[in-house]
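Asker: Start counting the sequence shown at 7; every next residue gets the next number (our numbering).
Beta carbons are placed, not taken as given, at the ideal position from N, Cα and C, and that holds for glycine.
None of these values were measured; they are calculated from a predicted model.
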Amino acid sequence: MATFRSASVLLSADGTRTPGTAALFAEPARKGGVPSWAGDFRPANSAGNGPKNAVGKTFTLELPDGATGKVVVQKLKSGKGGVILALMGEDAPPF
7 MATFRSASVL
17 LSADGTRTPG
27 TAALFAEPAR
37 KGGVPSWAGD
47 FRPANSAGNG
57 PKNAVGKTFT
67 LELPDGATGK
77 VVVQKLKSGK
87 GGVILALMGE
97 DAPPF
């Protein structure tokens, strides 16, 4: 299982950039398929609670090396440090 944790940016369709930290994981592909991946995104303190009405919407996750991946926000979770967005990746993992 591949894992990734780093500062990242969540990009909305209208170009709004939400900085934060992504913690992602990918599972091995089954029989040559695309490996599934998912994770959490914690918006930076300066970004507040992140995008409004984000559940069910598709965003682009941009990693520090410039790699990007499409994600759908599955749900919002309340954590000790604020809101956390649960993500489900689409296509191949970008990390």
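Could you tell me which residues DSSP pairs with Arg36 in its beta bridges?
Answerer: For this step, residue 36 is matched to residue 30 along the sequence shown. Its beta-bridge partners do not exist; DSSP assigns none.
Asker: Cα separation between Met94 and Ser52?
Answerer: Counted from its first residue, the sequence shown places residue 94 at position 88. Counted from its first residue, the sequence shown places residue 52 at position 46. Looking at the two C-alpha atoms, the distance is approximately 24 Å.
Asker: Evaluate the contact criterion for the region 56-65 versus the region 33-40: three or more CB pairs, one atom per stretch, below 8 Å.
Answerer: Too few Cβ pairs lie closer than 8 Å, so no.
Asker: How should Thr22 be labelled, buried or exposed, when 16 other C-beta atoms within 10 angstroms of its C-beta is the threshold for buried?
Answerer: To locate residue 22, count along the sequence shown from 1; it is residue 16. Label assigned to Thr22: exposed.
Asker: Looking at Gly26 and Ser14, is the spacing between their C-beta atoms short of 8 Å?
Answerer: As a first step, residue 14 must be located in the sequence shown, where it is residue number 8. As a first step, residue 26 must be located in the sequence shown, where it is residue number 20. Cβ atoms of Ser14 and Gly26: closer than 8 Å.
Asker: So, is Pro100 buried or exposed, given that buried needs 16 or more other C-beta atoms within 10 angstroms?
Answerer: Taking the sequence shown and counting its residues from 1, the one referred to as residue 100 is at position 94. Classification of Pro100: buried, given that the 10 Å Cβ count is 16 or more.
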